[in-house]
Amino acid sequence: EPEVTQTPSHQVTQMGQEVILRCVPISNHLYFYWYRQILGQKVEFLVSFYNNEISEKSEIFDDRFSVERPDGSNFTLKIRSTKLEDSAMYFCASSGAGLASFGSYNEQFFGPGTRLTVL
Amino acid sequence: DQQVKQNSPSLSVQEGRISILNCDYTNSMFDYFLWYKKYPAEGPTFLISISSIKDKNEDGRFTVFLNKSAKHLSLHIVPSQPGDSAVYFCAASVNFGNEKLTFGTGTRLTIIP
């Protein structure tokens, strides 16, 4: 069964450094997302990406964050100048083998996550 | 901004009995609802979904009910099994799922053998 994969599983970084979190979405999916979950809190939306551009971003996704789909298979989240409060589990998700329309729905499938710890 | 709420943080159910998890929402624009199951240190696993044009969707032991007038949905698991012990998240979306998901805070389900 196709699945979303993410690397690394754990990332530890010093405050102020840059990190890149990598995801390989399900191959025929068209919509890509990043979410995060701070320990003990709910899963929060960061950004959605479709047709090589950002569709929507949350207020969490400030100008330190960026996303890229560099080669048609990988989907990356870059965080520059990391802060202590960026520490969280980051989940990549993908959906949409085709255009969703009335009567056709596209579930989002999640990867296993990357645990980011900023020291 | 709690557009999706799961008011029960935890639930314990005897093995073999029915588990009922509840979720309420406030945004009337939501047209698609999903339930995810999550184990610690893993990503959410999709369980079942329902669109706003239906009031029930069933898949094996899992049934989701939607009451649009009450802005309420529930997940029924029958019969409950020990492997069902996990945190269950309700999520909602607009545009048939190709938009951001808004998650509830989760309910930790414990199945007692």
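Keeping their order, the protein sequence lines are chains P and S.
Sequential numbering from 27 applies to the first sequence in the numbering used here.
Sequential numbering from 46 applies to the second sequence in the numbering used here.
Note that CB positions come from ideal geometry on N, CA and C, so glycine has one too.
| said: What does the alpha-carbon distance come out to for the pair H55 of chain P and A115 of chain S? | reply: Within the first sequence, residue 55 of chain P is the residue found at index 29, counting from 1. Within the second sequence, residue 115 of chain S is the residue found at index 70, counting from 1. Going by C-alpha positions, H55 of chain P is about 34 angstroms away from A115 of chain S.
| Within the 9 angstroms Cβ cut-off, does P34 of chain P reach chain S? | Sequence index remark: in the first sequence, residue 34 of chain P carries index 8 (1-based). Cβ-Cβ to chain S under 9 angstroms: no for P34 of chain P.
| query | Are the beta-carbon atoms belonging to V38 of chain P and L110 of chain P less than 9 angstroms from one another? | reply | Taking the first sequence and counting its residues from 1, one reaches residue 38 of chain P at position 12. Taking the first sequence and counting its residues from 1, one reaches residue 110 of chain P at position 84. In terms of Cβ geometry, V38 of chain P and L110 of chain P do not form a close pair [threshold 9 angstroms].
| query | Is it true that the stretch 49–57 of chain S meets the stretch 130–143 of chain S, where meeting means three or more beta-carbon pairs spaced less than 8 angstroms apart? | reply | By the criterion of at least three beta-carbon pairs nearer than 8 angstroms, the stretch 49–57 of chain S is in contact with the stretch 130–143 of chain S.
| said: Taking a contact to mean a Cβ-Cβ separation below 9 angstroms, would you say F58 of chain P touches L72 of chain P in this structure? | reply: For the purposes of this step, residue 58 of chain P is taken as the residue at position 32 of the first sequence. For the purposes of this step, residue 72 of chain P is taken as the residue at position 46 of the first sequence. No, they are not a contact pair.
| Taking the alpha-carbon positions, what's the G137 of chain P to E29 of chain P distance? | Here residue 137 of chain P is taken as the residue at index 111 of the first sequence, counted from 1. Here residue 29 of chain P is taken as the residue at index 3 of the first sequence, counted from 1. Approximately 7 angstroms, taken between the alpha carbons.
| task | Could you check what DSSP says for D22 of chain S in three-state terms: helix, strand or coil? | result | No statement about residue 22 of chain S is possible, as the shown extent of chain S runs from 46 to 158 and does not include it.
| request: At 7 angstroms on the CB atoms, spell out the chain P contacts of P85 of chain S, in chain order. | output: As a working mapping, residue 85 of chain S is identified with position 40 in the second sequence. Chain P residues near P85 of chain S: none, gap ~10 angstroms exceeds 7 angstroms.
| D97 of chain P to F135 of chain P, Cα distance in whole Å? | The count along the first sequence starts at 1 and reaches residue 97 of chain P at position 71. The count along the first sequence starts at 1 and reaches residue 135 of chain P at position 109. In this model, D97 of chain P and F135 of chain P are separated by some 21 angstroms (Cα to Cα).
| query | Roughly how many angstroms lie between the CA atoms of S74 of chain P and S121 of chain P, to the nearest whole one? | reply | Here residue 74 of chain P refers to the residue found at position 48 when the first sequence is read from its first residue. Here residue 121 of chain P refers to the residue found at position 95 when the first sequence is read from its first residue. Looking at the two C-alpha atoms, the distance is approximately 11 angstroms.
| request: Within 10 angstroms of the Cβ of K83 of chain S, are there 16 or more other Cβ atoms? Answer buried if so, exposed if not. | output: As a working note, residue 83 of chain S is residue 38 in the second sequence. By the beta-carbon neighbour count (other beta carbons within 10 angstroms, threshold 16), K83 of chain S is buried.
| message | According to DSSP, is E70 of chain P part of a helix, a strand, or is it coil? | response | The residue labelled residue 70 of chain P in the question sits at position 44 within the first sequence. Correct three-state label for E70 of chain P: strand.
| query | In chain P, which residues lie with their C-beta within 7 angstroms of the C-beta of S97 of chain S? | reply | The sequence position of residue 97 of chain S within the second sequence is 52, counting from 1. Listed along chain P, no residue sits closer than 7 angstroms to S97 of chain S by beta-carbon distance, the nearest being about 10 angstroms off.
| Three-state secondary structure (DSSP) at N112 of chain S? | Here residue 112 of chain S corresponds to residue number 67 of the second sequence, with the count starting at 1. Reduced to three states, the DSSP call for N112 of chain S is strand.
| query | Given 8 angstroms as the limit, is there contact between the stretch 122–132 of chain S and the stretch 67–79 of chain S, that is, 3 or more CB pairs closer than that? | reply | Contact between the stretch 122–132 of chain S and the stretch 67–79 of chain S is absent, because fewer than three Cβ pairs lie under 8 angstroms.
| Three-way DSSP call (helix, strand, coil) for D88 of chain P in this model | If you number the first sequence from 1, residue 88 of chain P lands on position 62. D88 of chain P: coil per DSSP, three-state reduction.
| message | Can you look up N67 of chain S in the DSSP assignment and give me helix, strand or coil? | response | Residue numbering aside, residue 67 of chain S sits at position 22 when the second sequence is read from its first letter. Strand.
| Where the stretch 103–125 of chain P meets chain S: residues whose CB sits under 9 angstroms from a CB there | Per Cβ criterion, the list reads M115, F117, C118, A119, S121, G122, L125.
| said: Using beta carbons (cut-off 9 angstroms, strictly below), is Q48 of chain S in contact with chain P? | reply: Walking along the second sequence from the start, residue 48 of chain S turns up at place 3. For Q48 of chain S, the answer is no, since every Cβ of chain P falls outside 9 angstroms of its Cβ.
| query | Applying a beta-carbon distance threshold of less than 7 angstroms, which residues of chain P neighbour F91 of chain S? | reply | Position 46 of the second sequence holds residue 91 of chain S. E133, F135, listed in chain order.
| said: Under 9 angstroms, Cβ to Cβ, is there at least one residue of chain S near R141 of chain P? | reply: Mapped onto the first sequence, residue 141 of chain P falls at position 115. Closer than 9 angstroms to the CB of R141 of chain P there is at least one CB belonging to chain S.
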